[in-house]
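Chemist: Questions regarding the structure given below will be posed in turn.
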Amino acid sequence: MTTTTVTNILLVGVGGQGTLLAAEVMSEALMAAGYDVKKSEIHGMSQRGGSVVSHVRFGQVVHSPIICEGDADIIFGFELLEAYRCLSFLKPNGTVIANDLRIPPPSVLLGKEPYPGGLAERIKASGAELILVDGLKLATEAGNPKAANTVLLGALSQRLDIDERYWQAALEKMVPAKALAVNQKAFQFGRAI
């Protein structure tokens, strides 16, 4: 993807999935590559398994951090239902990169309703390009299931015109040293998708 205009990426997940860290790593890589980057976060109930949303916009000049509905180039979903729930933000023919993971929301856990089925099919039916990633499996193979967010970042990095060295430098800066090797491996697994 070329970046002559502003590119909008909406990151969505559930508290504890590393959505905010992924937004930080992405923003760091983009700034190192020379882009103006604006970021905003919404994480009200994130520590109780609630939704976490981060808006990341980058380009030559960006004036606002907020992505309006219908303006996202990419929905970057760490949980499948969260990705589906935010489809209204996606541009026509935009891309959804989603973790093939289902985390039941409270209404499902309380038995009030079932977890919705056919979400991948519904996303495809919207006209979006869907890149479904088994982030948990690949992160486990890399050495830690908590690195699923980094697997997804690797998959995203292949769709942006940013040199890999900026991604690697951002990982080195933002990920704790004890977890860096696993995250670098997870990132490479994602890039192979």
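Take 1 as the starting number for the sequence shown in full-length UniProt numbering and just add one per residue. Ideal placement from N, C-alpha and C gives every residue a C-beta, glycine not left out.
#1: With DSSP run on the structure shown, which of helix, strand or coil describes M1?
#2: At which residue ranges does the segment 159-185 contain complete alpha helix (DSSP H) runs of 4 or more residues, listed in the order of the chain?
#3: Please look up how many angstroms separate the CB atoms of A23 and S54, rounded, as I've assumed it's under 8 Å.
#4: To which residues of the same chain is K173 closer than 7 Å at the C-beta, ignoring the five residues directly before and after it?
#5: Under 6 Å Cβ to Cβ from L87, same chain only, skipping five residues before and after it: list those, please.
#6: Taking 6 Å as the limit between beta carbons, can you name the residues of its chain near I9, skipping five residues before and five after?
#7: So, do the segment 137-145 and the segment 101-114 have three or more beta carbon pairs nearer to each other than 8 Å?
#8: Taking the continuous alpha helix (DSSP H) assigned at E41, which residues delimit it?
#9: Taking DSSP as the reference, what is the three-state secondary structure of P145?
Modeler: Inspection of the coordinates gives the following:
#1: Your numbering for residue 1 matches position 1 in the sequence shown. In this prediction, M1 has a pLDDT of 49, which is less than 50 and means its spatial position is unreliable; nothing more can be read from the coordinates.
#2: 164-174
#3: As a working note, residue 23 is residue 23 in the sequence shown. As a working note, residue 54 is residue 54 in the sequence shown. That pair is a contact at about 4 Å.
#4: The residue given as residue 173 occupies position 173 in the sequence shown. E28.
#5: Within the sequence shown, numbered from 1, the residue matching residue 87 stands at position 87. Here the set comprises S126.
#6: Position 9 of the sequence shown holds residue 9. Excluding residues within five positions, the ones whose Cβ falls inside 6 Å are V56, I74, F76.
#7: no
#8: Here residue 41 is taken as the residue at index 41 of the sequence shown, counted from 1. That residue, E41, is in no alpha helix (DSSP H); its beta strand (DSSP E) goes 36-42.
#9: Here residue 145 corresponds to residue number 145 of the sequence shown, with the count starting at 1. Correct three-state label for P145: helix.
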